[in-house]
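Structure record follows, encoded as structure tokens.
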Amino acid sequence: MIRSLLVAALAATTSALPNMAREKLYTIELAPGVTEVVTLAGKEQLKKGQQRKQEGKNFLDITNHPNLSSTSARPAKAAAAAFPEAVAFAEEVGALLGTLNRTNLETSLKTYSDFETRYYRSETGVEAARWLLDQVRATVEASGVEGASAEPFEHADFDQVSVIARIPGKSASAVVVGAHLDSINGADSFGRSPGADDNGSGTVTLLEALRVVLSDPKVAAGEHENTIEFHWYAGEEAGLLGSADIFDQYAAAGADVKAYLNQDMTGWAPPGEVGEFGVILDYVDAGLTEFTRLVLDAYTTIPAVDTRCGYACSDHASARAAGYPAAFIFEAAADNTSPYIHTANDAYDTISFDHVMEHARLVVGFVYELAFATL
């Protein structure tokens, strides 16, 4: 009898081993040179309870991208880039800022946050990304700008697409702004996650800024020196998946990205307060960050404070890991941001559209100044 039980137990254990072996493992980098191998459940566990960017454990999933590891020997792609010491297009940018439309932001975000969730593995997450692609395409087509395009970036490991809009300049060197398009419920990955602030706000900020930049006569005529790209990334909440795919591909192809600005969460200001920008100081390019301060000073109306958000806290980490200069301007100091992220309460009615408008002003100014600069 004992022998029979042992044989049965051994058989059960042996039959379970193939299932264990088939469970995919992921290599994630939690800090420079600090990696762990985890399951999908392990990755999602890191998001549980995270209600601030600096809480929980942020990470870069390098499973498919070992070259993005901080220990990689990949050199900086544009380390010698010298950014302007002053803004140079105040008249042109000022005219564009007057055409930013708050109603567009409100309308787009209402629809976008009505999706049950934009979690990258969910059906509605796939649908939301396709809806966004349609909006970006419609914006580009309505502009009539010759050569401008909006295309999906397909990912091998999941169905949610990223989106890339491109406005060709005189050179292939690019100025890029990006925001992640997905959301997550930290307690239940497939649970209700409107993601109005994280990161519906950044998503619509870029959509409206794209419309305004396309309306500029000089941009429409292709007079800008550098190509302009607007990116919306899938799967950020699972380890910067979309941006890692894109920037690793860019680096492998030798793409010349002169500057990258990240917009992740642009819609929070404490009730009754004017709000502030959070200038991220850690794991960014110092020179580009200083230039971005010039843009804030010239084209926005609220104060900026210095802050930090830790390693791999958002998609600028992918650009930086690929060797490109990256900056990140947050919606506030990292300890003063929306308390609702990664929950069902990150809802449309918590958004300050005055604050979103300020970020849109930043994006338009940043893109225009660097698109016409010699870098």
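Take 939 as the starting number for the sequence shown in my numbering and just add one per residue.
Beta carbons: idealized from backbone N, C-alpha and C, even for Gly.
Per DSSP, Leu1006 is not a residue of any alpha helix (DSSP H), being assigned neither H nor E. Secondary structure of Lys1196 (DSSP, three-state): strand. Within the segment 1045 to 1125, complete beta strand (DSSP E) segments of at least 3 residues are found at 1087 to 1091, 1100 to 1105, 1109 to 1118, given in chain order. Residue Val1099 holds the alpha-carbon nearest to the alpha-carbon of His1169 among Val1099, Pro1132, Glu1163. For the set Val1113, Phe1021, Lys1048, Asp1120, the Cα lying nearest the Cα of Ser1252 is the one of Asp1120.
Annotated three-state conformation of Gly1205 is coil, per DSSP. The beta carbons of Phe1185 and Ala1103 sit no closer together than 9 Å. Rounded to whole angstroms, Phe1091 and Val1101 show a C-alpha spacing of 6 Å. In chain order, Gly1124 place their CB closer than 6 Å to the CB of Lys986, counting only its own chain and leaving out the 5 sequence neighbours on each side.
Put simply, the segment 1230 to 1249 touches the segment 1267 to 1277. At least three CB pairs are less than 8 Å apart. Sorting Ala1076, Glu1061, Ala1026, Glu1030 by C-alpha distance to the C-alpha of Ser1046 places Ala1076 at the top. CA-to-CA, the gap between Pro1155 and Glu1084 works out to about 12 Å. Inter-residue distance for Asp1052 and Ala1236 is about 35 Å (C-alpha atoms, whole angstroms). Non-local C-beta neighbours of Ala969 in its own chain, meaning closer than 7 Å and more than five positions away in sequence, comprise Tyr1249, ordered along the chain. In the three-state DSSP reduction, Leu1038 falls in the coil class, being neither helix nor strand. The beta carbon of Ala1197 is closer than 6 Å to those of Val1113, Leu1226, Pro1263, Leu1308 in its chain, skipping five residues each way along the sequence.
When the beta-carbon positions are compared, Thr965 and Thr973 come within less than 9 Å of each other. Annotated as distal: Val1151 and Leu1234, with beta-carbon spacing of 9 Å or more. Here Ile1240 has Val1212, Gly1213, Glu1214, Phe1215, Glu1296 as same chain residues with Cβ atoms under 7 Å from its own Cβ, once five neighbours each way along the sequence are excluded. Residue environment for Lys962: exposed (fewer than 16 other C-beta atoms within 10 angstroms of its C-beta). Contact check for Tyr1050 and Ala1176: beta-carbon distance about 19 Å, past the 8 Å limit, so the pair fails to qualify. When the five nearest sequence neighbours on each side are left out, the beta carbons in the same chain lying within less than 6 Å of the beta carbon of Ser1060 are those of Phe1128, in order along the chain.
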